Amino acid sequence: MSYLAVTDLSISFGGIRAVDDVSFEVEEGEVFAIIGPNGAGKTTLFNLVSGIYFPDGGSVRFAGRDITSLPAHRIAPLGLARTFQNIELFEHATVLQNLLIGRHVHRRSTALSHLLFLPAVRREELEHRRRVEDVIDLLELAHYREQRIANLPYGVRKVVEVGRALCLEPKLLLLDEPTSGLNPEESEDMGFWIEDINRDLGVTVVMVAHDMGLVSRVAGRVLALNEGRVIAEGSPADVQKNPAVVDAYLGAD
Amino acid sequence: MRFLFKTHYNQDIDHLKHGGDRFWYGLLLVLVAAAPAALDTFYLGELNLVMIYAIAGVGLMLLVGYTGQVSLGHAAFLAIGAYTHSLLLGAGVPFLFSLVAAVLVSALVGAGVGWIALRMTGIYLAIATLAFAMLTEQTISRAEWLTGGFRGLAVPQPSLFGMPLTEGWQRYYLTLALLVVTLLLALNILRSSTGRAMVAIRDSEISAESVGINLAVYKTLAFALSAGITGLAGALFAHRLGYLSPDAFTFLISLQLLLMVVVGGVGSMRGVIYGALFIGFLPQLLAIARDTLPPQIAQAPGLEPGIFGLILVLVILFEPQGIFGRWLKIKSYFQLFPLYRRATHRRQKTYLRTERLR
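Protein chains in written order, with my numbering: chain A, 168 to 420; chain B, 55 to 412.
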């Protein structure tokens with residue numbers, strides 16, 4: 168039984184089969200990359216796995232549990248965190264607040280005790296803060312801690328979003344184009360962080376990526392999609408050489 | 055400029071962050087506590103009204119400024135609080151209990167409205183809450199067996215622990231105490247995970263969901279909290295009015311409450327106080343100005359709502375962060391002097407965001 172098992176997953180929007188009978192399996196502890204040209208269905212696949220869309224057919228199993236029909240807010244507590252391609256941070260809150268929001272699934276106290284801010288709530292807040300500071304240290308965000316997201320440059324936002332996902336203490340992390348829009352230096356850093364997250368924190372990573380340099384550096388296996396269908400699966404080198412993949416990106420003769 | 059050297063995470067959690075805070079808030083508390091000695095009955099009554107507005111504003115701010123759900127129907131919760139309190143007082147329920155009941159009934163109705171309105175956002179939600187307010191107004195005027203309809207309902211005199219609260223200063227201290235308690239409770243919510251979940255919903259529903267926030271639960275909760283606090287203000291408002299009738303809780307009141315939140319500064323509790331002062335004292339300032347203006351202008355009909363509207367438009371155009379936002383800018387001008395640049399507070403560009411997924 169693999170860690171994340173996607174079986175025959177399909178969804179249509181109107182007449183378009185955005186994801187068409189896609190199956191793949193991810194083992195615990197690996198870095199798995201999903202590539203494909205624009206419109207291949209990569210982000211839609213992520214939205215299906217993380218419970219934002221519900222599929223027309225097929226199933227998603229995570230850590231031995233069927234999560235196909237669970238809504239997003241019930242999937243997150245199981246240990247599945249994600250980032251968004253176009254960055255969905257809480258713009259008018261500070262970096263620290265964004266990361267603290269990431270701790271939501273670990274809250275133990277009730278809204279009534281929050282109203283009174285009982286001593287137990289303060290203890291819990293301190294505990295959340297300690298965990299958040301660990302993430303801030305890891306991702307070198309200390310400089311931006313008190314800043315509002317709206318005032319941050321794009322590259323830092325990208326890192327904050329990874330940080331927020333890490334604050335959930337996930338077992339599986341879905342990264343939607345973690346390096347899109349980053350300069351080469353920032354991409355390099357992101358690559359190191361993904362390796363750290365995978366190796367040191369033991370988080371299984373599934374990422375959508377366009378940057379083949381990054382993919383070959385950090386990913387163990389690659390899945391290639393085109394027009395909603397799987398066209399290749401294997402090691403980064405093999406997939407890059409696969410004729411179907413070359414056709415999909417460059418067009419057949 | 056003040057540099058804070060933080061040595062403990064508690065410093066970020068505490069309400070009063072440093073000595074300056076403690077000093078100025080302490081001074082403010084002393085001043086408002088001493089106000090009855092210095093002010094005459096009329097201005098004390100006006101200050102009392104400002105504080106009642108502020109309590110309602112705290113409730114509305116939680117919903118509009120922190121959860122991002124616009125309500126144009128908060129006069130209804132004010133009415134529900136006022137009528138519940140007056141009816142229970144009339145039935146012989148002790149003051150404090152009926153106050154609590156007013157809060158609970160309003161919160162319950164608020165939760166119901168919030169739950170029904172779950173799927174609506176933005177302008178649609180505003181219209182739905184507006185419809186609810188009209189429904190409430192109509193219900194109150196038709197249910198004559200309970201509310202007396204347009205004949206009205208006399209509000210019994212309040213008394214606390216057997217002591218009748220008839221004097222202006224007694225009411226003033228009662229409202230002041232309740233305002234302080236309400237503010238503390240609201241600020242407590244905001245510094246805990248419940249408040250952060252509300253902020254998350256305001257800024258991005260999709261990622262709020264993805265970090266495990268149950269949108270339905272927290273939106274309903276925000277509505278309930280907001281309605282409950284507004285209901286408390288309604289109960290106090292009833293004593294201020296002395297005689298309740300449905301036309302005391304019209305759409306204009308809802309609009310005024312929203313105006314208070316926007317002019318004060320959306321997304322800050324201090325903004326509520328500024329907004330309440332603005333709403334409460336502008337009519338007085340206008341009345342004074344009338345004496346000096348030429349009669350053609352001073353006696354013009356609709357002068358007051360006109361000026362209210364004008365101010366709202368100007369605020370939204372030139373200072374969307376309201377009075378509180380302006381204050382922050384003035385403060386940072388002096389803190390950074392002489393390094394302040396006009397661009398310091400220019401709005402940053404927003405990057406492309408994921409299109410609404412549902």
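By construction, the Cβ of each residue, glycine as well, lies at the ideal position given by its N, Cα and C atoms. What you are looking at is a predicted structure, and each value in this text was computed from that prediction instead of being measured.
For the pair of segments examined, the stretch 187-200 of chain B was found not to touch the stretch 166-179 of chain B: the number of CB pairs separated by less than 8 Å stays below three.
When Thr61/B, His69/B and Val209/B are compared, the shortest CA-CA separation from Ala133/B is found for Val209/B. As for any alpha helix (DSSP H) of minimum length 4 sitting wholly inside the stretch 200-234 of chain A, the runs are 209-216, ordered along the chain. Gly334/B is a Cβ neighbour of Glu100/B, given a cutoff of 8 Å. Taking a Cβ-Cβ threshold of 7 Å, the residues of chain B close to Arg274/A are Ser247, in chain order.
Look at the stretch 225-252 of chain B: the residues with a C-beta under 8 Å from a C-beta of chain A are Leu239, Asn242, Ile243, Arg245, Ser246, Ser247, Thr248, Gly249, Arg250 and Ala251.
Val216/A sits buried, since 16 or more C-beta atoms from the chains shown fall within 10 Å of its C-beta. Taking 8 Å as the cut-off, the beta carbon of Gly318/B is found closer than this to the beta carbon of Gly376/B. In the DSSP annotation of this structure, the continuous segment of the alpha helix (DSSP H) that includes Phe388/B starts and ends at Gly376 to Leu390. Under the Cβ distance rule, Ser236/A does not count among the residues neighbouring chain B, no pair being separated by less than 8 Å. Taking a Cβ-Cβ cut-off of 8 Å, Glu221/B has no neighbours in chain A, whose nearest Cβ is about 31 Å from it. Counted as a single uninterrupted DSSP element, the stretch harbouring Arg315/A is not any beta strand (DSSP E), since DSSP gives it neither H nor E. Comparing alpha carbon positions, the residue from Leu336/B, Leu290/B, Gln338/B and Leu312/B closest to Val326/B is Leu312/B. DSSP places Asn393/A in the uninterrupted beta strand (DSSP E) bounded by Arg388 to Asn393. Between Thr250/A and Leu342/A the beta-carbon gap is near 5 Å, inside 8 Å, which marks them as a contact. Exposed is the label assigned to Arg366/A, since fewer than 16 other Cβ atoms lie within 10 Å of its Cβ.
Here Tyr297/B has Gly206 and Ala208 as same chain residues with Cβ atoms under 6 Å from its own Cβ, once five neighbours each way along the sequence are excluded. Here DSSP, grouped into helix, strand and coil, assigns Thr284/B to helix. Per the coordinates, the alpha-carbon of Met217/B lies some 55 Å from the alpha-carbon of Tyr394/B. Counting along the chain, Val385/A sits inside the alpha helix (DSSP H) bounded by residues Met379 to Val385.
Listed by position along chain B, the residues whose Cβ is nearer than 7 Å to that of Ser217/A are Ser264.
In this structure, the alpha-carbon of Ile243/B lies about 56 Å from that of Gly418/A. Distances from the alpha-carbon of Phe151/B to those of Pro212/B, Gly164/B and Ala91/B put Pro212/B closest. The three-state secondary structure of Ser177/A, taken from DSSP, is strand.
Closer than 8 Å at the C-beta level to chain A, one finds these residues of the stretch 311-332 of chain B: Gly321. DSSP links Leu214/B through a beta bridge to Met217/B. Minimum Cα-Cα distance from Ile201/A among the listed residues Val412/A, Arg241/A, Val375/A and Arg384/A corresponds to Val375/A. Taking 8 Å as the CB threshold, Val227/A stays off the interface with chain B.
Assignment of Thr277/A by DSSP, reduced to helix, strand and coil, places it in the coil class. Going by DSSP, Thr201/B is part of the alpha helix (DSSP H) stretching over Glu198 to Thr201. In this structure, Arg270/A and Val299/A form a Cβ contact; the two beta carbons are roughly 7 Å apart against a cut-off of 8 Å.
Sequence-distant Cβ neighbours of Leu279/B in its own chain, meaning closer than 6 Å and more than five residues away, are Leu116. At a Cβ-Cβ threshold of 8 Å, Gly358/A and Arg384/A count as neighbours.
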